[in-house]
Structure formats: structure tokens, C-alpha cells
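**Q** Just so we're on the same page, the numbering used here is the position in the sequence shown counted from 1, plus 271.
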Amino acid sequence: MTALQIKTKVEGILREVERVRQLDKNANVVVFVDEFNTTSQMGLLKEIFVDKHMDGKKLPDGVFWIAAMNQFIESKVPKERITYTGTGAVSNKPYAVRPEPMSMSSLILDFPHLRTSNESRFLQAISELQQDRLDGFTDLILFGQQFLRDHKMERIEASIRDIMRALQLYKYFRTSEAGKYIITRETNQEQSTRLKSTGLEDTRLKWRCMYLAMGLTYFFRLESSLRADFLNKIQEEGRKFGCPLSVNFNEVIEQSKTFVFCEL
């Protein structure tokens with residue numbers, strides 16, 4: 272973000288603080304800023320967070336600023352290859368971020384990477400809130416998270432954001448009219464009628480939703496050399512958790528690619 276964008280955003284937040292204070296004059300407000308060290312305007316953020324000023328003007332009391340950041344790791348990129356934004360044009364840094372001002376270093380709390388146990392508890396809590404049972408899908412998501420961690424690809428980290436993306440995509444394919452069309456368009460009517468009579472059609476469509484959500488969240492982000500391994504392993508995971516033989520991960524992915532590139 273540019274300095275002007277940051278200032279405009281802060282001014283909007285302060286207007287919201289005024290609105291809250293009209294309801295409760297003693298209310299405290301917490302403002303969360305994500306990925307705050309991806310901007311080149313670190314001095315401005317330091318003024319807001321540490322000095323509680325912006326452009327020399329004092330900010331209201333009772334507004335607490337917190338932020339999330341990725342660790343800055345010194346780059347080996349030669350200075351002549353540093354762009355005007357302050358990051359390397361061809362960088363081997365794990366994150367495209369800048370170092371925090373020294374005056375903010377003592378305020379940083381270091382949180383470790385997510386563990387499978389953390390993700391499992393998070394998914395269990397989310398699953399309990401869902402009307403549609405997520406049997407099997409939570410296990411597939413945990414597999415996808417661990418696959419990303421195991422292969423340590425550049426600038427790709429498994430995060431809560433990936434879990435939420437997978438869940439939202441599943442819900443989209445499962446409940447929206449557009450999503451249902453994508454999932455059911457390949458259906459053989461004779462096969463569909465037969466499966467409905469046995470009560471298996473909904474299970475088949477549910478697994479197609481799961482697989483396509485997994486493909487968009489994890490598979491397409493992988494380096495090409497890793498995709499065959501992922502494909503084989505997710506198919507094994509699916510069978511382990513009850514995926515019907517009529518649903519194949521690779522077929523679901525290829526059919527979705529055909530739909531996107533040939534029909535839209």
C-alpha cells in the first residue's frame with residue numbers, strides 16, 4: 272500500500288472509532304493489520320503503532336494497534352538488483368517483506384508454525400458449526416496442509432487461510448447454483464439415476480466437491496514435479512475415508528479444466 276492509501280484507511284478507521292464512542296464513550300477499539308511489513312511505508316506504520324501519531328498529529332487514546340507479519344530474512348541479492356520498492360527483483364527470500372523498525376522489535380511475539388494438532392482442533396470446531404457434515408474432508412485438508420509443509424516450496428506456507436479457502440470452495444460447489452452446475456455437468460444421466468436409487472448419488476457429488484476444492488486450494492499451487500505424487504496420495508486418502516470408486520481425483524480436475532478453458 273502507498274502512504275496515501277494507508278492514511279486514507281486509518282482516517283476511515285478513526286471515523287469508525289468516533290461512531291463507536293458515540294455508543295460508548297469509554298469503548299476501546301482494537302485494529303488488526305495483516306502482513307504489515309509488506310509495504311514500503313514502514314516508517315509511517317511505526318509512527319502509528321509506536322508513537323500513536325500520524326503525520327505528527329496525535330491519534331485518539333483507547334485505539335490499540337496489533338499486526339501480523341512474516342519474518343524478514345536477509346537476502347543475498349546484490350544491491351544492484353534491488354528494485355525501487357526495496358525488495359529484490361529476483362529474490363531468494365522466503366517472504367517478500369521488509370525488516371521492522373528497530374523500535375518495534377521489542378514488541379514482537381514470535382508464534383511457531385501451525386501443527387497438525389492445531390489444525391485438527393480448528394477443523395473440528397468449524398465442522399461442528401457446519402450443517403453439511405464434513406466427514407472425510409477434514410482429513411483431506413489435513414493431508415493437503417502436511418503435503419505443503421513436507422515439500423517446503425518457495426514462498427508457500429500452509430496456513431489457516433488455506434483451510435478456510437478449501438472450506439469456502441467446498442461450500443460454493445455444494446450449495447451455489449453455479450457451483451452445482453460445474454460439479455454435475457459431467458454426470459452420466461443413466462449412472463446418476465442408478466446411483467440415486469441406491470442413495471449413493473449425493474455421496475458421489477459430495478466427493479466431487481471435496482476433490483475440486485482440494486485441487487484449487489492445493490494441487491494447482493504445486494510445482495509440476497510434485498503433482499503426480501499429490502494425485503496418487505490424495506486418491507489413497509480418499510479411498511481410506513470412503514470415497515466411492517466412481518469418483519477419481521484426476522478425472523475431476525481434468526473435467527474442471529476442460530470446463531474452464533473450453534466452455535467459459
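C-beta: ideal position from N, C-alpha, C; glycine also.
Bear in mind that the values here come from a model prediction, so they are computed numbers and not experimental data.
(1) Under a three-way DSSP split, which group does histidine 324 fall into?
(2) Would alanine 429 and glutamine 416 be called neighbours here (beta carbons separated by less than 8 Å)?
(3) Just to confirm, are lysine 280 and methionine 325 a CB contact at a threshold of 8 Å?
(4) Please classify serine 495 as buried or exposed, where buried requires at least 16 other C-beta atoms within 10 Å of its C-beta.
(5) Please report the Cβ distance between leucine 330 and alanine 274, rounded to the nearest whole angstrom; I am assuming they are in contact, meaning their Cβ atoms lie under 8 Å.
(6) With C-beta atoms as the reference, is leucine 394 less than 8 Å away from isoleucine 412?
(7) Going by the beta-carbon positions, is the gap between proline 515 and arginine 456 smaller than 8 Å?
(8) Under a Cβ-count criterion, where at least 16 other Cβ atoms within 10 Å of its own Cβ denotes burial, should isoleucine 337 be classed as buried or exposed?
(9) Suppose the cutoff is 7 Å on Cβ atoms and the five residues either side in sequence are ignored; what does the same chain contact list for leucine 502 look like?
(10) Could you tell me which of Phe320, Val334, Asp322 sits nearest to arginine 292, measuring between CA atoms?
(11) Considering phenylalanine 414, what are the terminal residues of the alpha helix (DSSP H) in which it resides?
(12) Compare the Cα-Cα distances from glutamine 312 to each of Glu371, Val288, Val300, Arg286 and report the closest residue.
(13) Going by the DSSP bridge assignment, what does tryptophan 478 pair with across the sheet?
(14) Counting only the same chain and skipping the five closest in sequence on each side, list residues whose C-beta sits under 7 Å from that of isoleucine 427.
(15) Hey, arginine 445 and cysteine 480: beta-carbon distance below 8 Å or not?
(16) Output the distance between the C-alpha atoms of glycine 327 and methionine 340, rounded to the nearest integer angstrom.
(17) Just to confirm, are asparagine 308 and arginine 369 a CB contact at a threshold of 8 Å?
(18) Around the Cβ of serine 447, are there at least 16 other Cβ atoms within 10 angstroms (buried) or fewer (exposed)?
**A** Taking the geometry as given:
(1) Counting from 1 along the sequence shown, the entry for residue 324 is found at position 53. If DSSP states are grouped into helix, strand and coil, histidine 324 belongs with the strands.
(2) Residue 429 sits at position 158 when you count from the first residue of the sequence shown. Residue 416 sits at position 145 when you count from the first residue of the sequence shown. Yes, the pair counts as a contact, with Cβ atoms nearer than the cut-off.
(3) Here residue 280 refers to the residue found at position 9 when the sequence shown is read from its first residue. Here residue 325 refers to the residue found at position 54 when the sequence shown is read from its first residue. At least 8 Å separates the beta-carbon of lysine 280 from that of methionine 325.
(4) One-based indexing of the sequence shown puts residue 495 at position 224. Looking at its Cβ environment, which holds fewer than 16 other Cβ atoms inside 10 Å, serine 495 is exposed.
(5) For the purposes of this step, residue 330 is taken as residue 59 along the sequence shown, with counting starting at 1. For the purposes of this step, residue 274 is taken as residue 3 along the sequence shown, with counting starting at 1. With 8 Å as the limit, leucine 330 and alanine 274 do not qualify as a contact, their Cβ atoms being about 16 Å apart.
(6) Numbered from its first residue, the sequence shown carries residue 394 at position 123. Numbered from its first residue, the sequence shown carries residue 412 at position 141. Yes, the pair counts as a contact, with Cβ atoms nearer than the cut-off.
(7) Taking the first residue of the sequence shown as position 1, residue 515 is located at position 244. Taking the first residue of the sequence shown as position 1, residue 456 is located at position 185. Cβ distance not < 8 Å, so proline 515 and arginine 456 don't count as in contact.
(8) Counting from 1 along the sequence shown, the entry for residue 337 is found at position 66. Exposed, since its Cβ has fewer than 16 Cβ neighbours within 10 Å.
(9) One-based indexing of the sequence shown puts residue 502 at position 231. Taken in chain order, the residues that qualify are Phe520, Asn521.
(10) Taking the sequence shown and counting its residues from 1, the one referred to as residue 292 is at position 21. Of the listed residues, the one whose Cα sits closest to arginine 292 is Val334.
(11) Position 143 of the sequence shown, counting from 1, holds the residue named residue 414. 408-422 is the extent of the alpha helix (DSSP H) around phenylalanine 414.
(12) As a position in the sequence shown, residue 312 is number 41, starting the count at 1. Nearest of Glu371, Val288, Val300, Arg286 to glutamine 312, Cα basis: Glu371.
(13) Taking the sequence shown and counting its residues from 1, one reaches residue 478 at position 207. Bridge partners of tryptophan 478: none, in fact.
(14) Along the sequence shown, read from residue 1 onward, the residue named residue 427 stands at position 156. Around isoleucine 427: Leu419, Arg492.
(15) To locate residue 445, count along the sequence shown from 1; it is residue 174. To locate residue 480, count along the sequence shown from 1; it is residue 209. Cβ atoms of arginine 445 and cysteine 480: closer than 8 Å.
(16) As a working note, residue 327 is residue 56 in the sequence shown. As a working note, residue 340 is residue 69 in the sequence shown. Across the structure, glycine 327 and methionine 340 are spaced so that their CA atoms are roughly 25 Å apart.
(17) Here residue 308 is taken as the residue at index 37 of the sequence shown, counted from 1. Here residue 369 is taken as the residue at index 98 of the sequence shown, counted from 1. Result yes, Cβ atoms of asparagine 308 and arginine 369 sit closer than 8 Å.
(18) Translated into the one-based positions of the sequence shown, residue 447 becomes position 176. Exposed is the label assigned to serine 447, since fewer than 16 other Cβ atoms lie within 10 Å of its Cβ.
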